[in-house]
Each structure stands twice: as C-alpha cells, then as structure tokens.
Amino acid sequence: MSHPHTRRRSRMSLAASFIAAVVASALSACSNPAAPQGNYGTITGKIMSNSGRPVAGATITVDYSITATSKADGAYTVQTVPVTTPAAPAIVQVTAQGYQTPPPRSDVQVQSGASVQVNFTLTPS
1 MSHPHTRRRS
11 RMSLAASFIA
21 AVVASALSAC
31 SNPAAPQGNY
41 GTITGKIMSN
51 SGRPVAGATI
61 TVDYSITATS
71 KADGAYTVQT
81 VPVTTPAAPA
91 IVQVTAQGYQ
101 TPPPRSDVQV
111 QSGASVQVNF
121 TLTPS
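In this text, residue positions in the sequence shown follow the working numbering: the first is 1, and each later residue adds one.
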C-alpha cells in the first residue's frame, strides 16, 4: 500500500510533466517563424540601377503585404511567402526613393520550401 504523500507527489509529477510537454510543443511550433515551413517559400533577388549599381534601401512588397528592404549590395530576401498556384501567382513590387517605380511582376510562382529569384532594374526619376 502506498503512502498518501507518495501518491500526491506522483500526481503532481505527472501534472508537471504534462505541462512541460504542452509548453515544449507550443514553443517548437513557434520556433523561428521567419524560416520557411509548411506551405511557404522564399523570394530573393537584387535591385540594380540601369547603370549597374546596386540600389540599397529599396522596399520590396509581395502580395501587397509582405515586405523586405534591399541591402547595400541590392540583395533582398522575403521569407515565409505563401505557396502560389499558376492561377494565383505572387505579385512582387519594388519602390525606391529617386527611382521610377517599375511595373509589378505578377507572374512569380512560389513553391513549398523553395527559393525563387526576382530581380529588378530601376531607372532614376
């Protein structure tokens, strides 16, 4: 026959283990939300001027809501872009101060776990 204090400790230990498992599961589901997971891909590219110079600080917008900014070398990365279908491709736009806004690219296909490259060449305004 077990002692009442032993049974209480066992139940408390079991409850603590259950709570720890729930917390660990929740944390793993939220870990590194910027990394492509599930039905997401990545769009990368370079923003260059028509004279061949990189354009830093350009704003890249995907589907009117997901944004990134080009670095000093003109490179950018947009992560966690939802997977597209041929009937509903991603729309990628770029704007940069001092440059004309080019037409958006409305033909970008994003596949799960994959990266697609979309480059833009800008003309000074």
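C-beta: ideal position from N, C-alpha, C; glycine also.
Checklist entry - DSSP beta-bridge partners for Gly41? => result Val81
Item to check | Residue interval of the beta strand (DSSP E) (run including Ala56) | outcome: Per DSSP, Ala56 belongs to no beta strand (DSSP E) and is neither H nor E.
Next on the checklist: I'd like the list of long-range same chain contacts for Asn32, defined as Cβ closer than 7 Å, with 5 residues on each side in sequence excluded.
Outcome noted: Only weak support is given to the placement of Asn32: the predicted model assigns it a pLDDT of 44, under 50, and the value that follows is read from those uncertain coordinates. Cβ neighbours of Asn32 beyond the five flanking positions: none.
Checklist entry - Exposed or buried, what is Pro124 when buried is set at 16 or more other beta-carbons lying within 10 Å of its beta-carbon? => result exposed
Item to check | Identified DSSP bridge partners for Ile91 | outcome: Paired residue(s): none; Ile91 is not in a bridge.
Item to check | Beta-carbon proximity list for Ala114, same chain, < 8 Å, skipping 5 on both sides | outcome: Gly41, Thr42
Next on the checklist: Determine whether the beta carbon atoms of Val78 and Ile91 lie at a separation below 8 Å.
Outcome noted: Going by beta carbons, Val78 and Ile91 fall outside the 8 Å limit.
Item to check | Counterpart residues of Pro124 in DSSP-defined beta bridges | outcome: Bridge partners of Pro124: Tyr99.
Checklist entry - Exposed or buried, what is Thr101 when buried is set at 16 or more other beta-carbons lying within 10 Å of its beta-carbon? => result exposed
Checklist entry - When you compare only the Cα positions, how much space is there between Val116 and Thr44? => result 6 Å
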